[in-house]
Amino acid sequence: MPTLEERIYDGNRARECLENEQFNWAFDSIKQELTNAWQASPARDVEGREKIFLTLQLLTKLKAALTSSLETGQLAEVERIYQQSLFERAKESLRL
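Per full-length UniProt numbering, residue 1 is the first one in the sequence shown, and the count goes up by one each step.
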């Protein structure tokens with residue numbers, strides 16, 4: 001299992017992707033292009049439509065994986081702050 005710092009690092013990298021204008025533009029453009037191709041494809045082209053559908057599913061999974069990594073990093077950051085707080089309180093109680 002990744003360490004707290006690794007999860008935070010990975011979450012920050014995922015945030016960079018998800019907040020990157022070029023990434024979002026490319027992602028949305030590809031998704032729109034595939035959607036248009038699927039809508040324009042003849043119903044009898046089952047194999048072609050299936051490939052387009054699977055590619056759209058893959059795009060969705062890519063964004064979901066990045067979002068999951070971002071959220072995991074955010075939770076790890078909360079955990080790190082909590083652990084620091086516990087450490088500080090323990091230090092204070094030893095000083096008394």
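By construction, the Cβ of each residue, glycine as well, lies at the ideal position given by its N, Cα and C atoms. Just so you know, these numbers come straight off a predicted model, no measurement behind them.
The straight-line gap separating the alpha-carbon atoms of I8 and I81 is approximately 12 Å. Inclusion of L34 and T55 in the CB contact set at 8 Å is warranted, their separation being smaller than that value. The C-beta distance from K91 to L59 rounds to 48 Å, too long to meet the 8 Å contact threshold. Here DSSP, grouped into helix, strand and coil, assigns E19 to coil. DSSP places A90 within a helical segment (H, G or I) once states are collapsed to three. Straight across, the Cα-Cα distance linking T72 with L94 is about 33 Å. Ranked by how close their Cα comes to the Cα of A14, the residues E79, V78, S85, L66 have L66 in first place.
A Cβ-Cβ separation of about 5 Å places S69 in contact with D10 under the 8 Å criterion.
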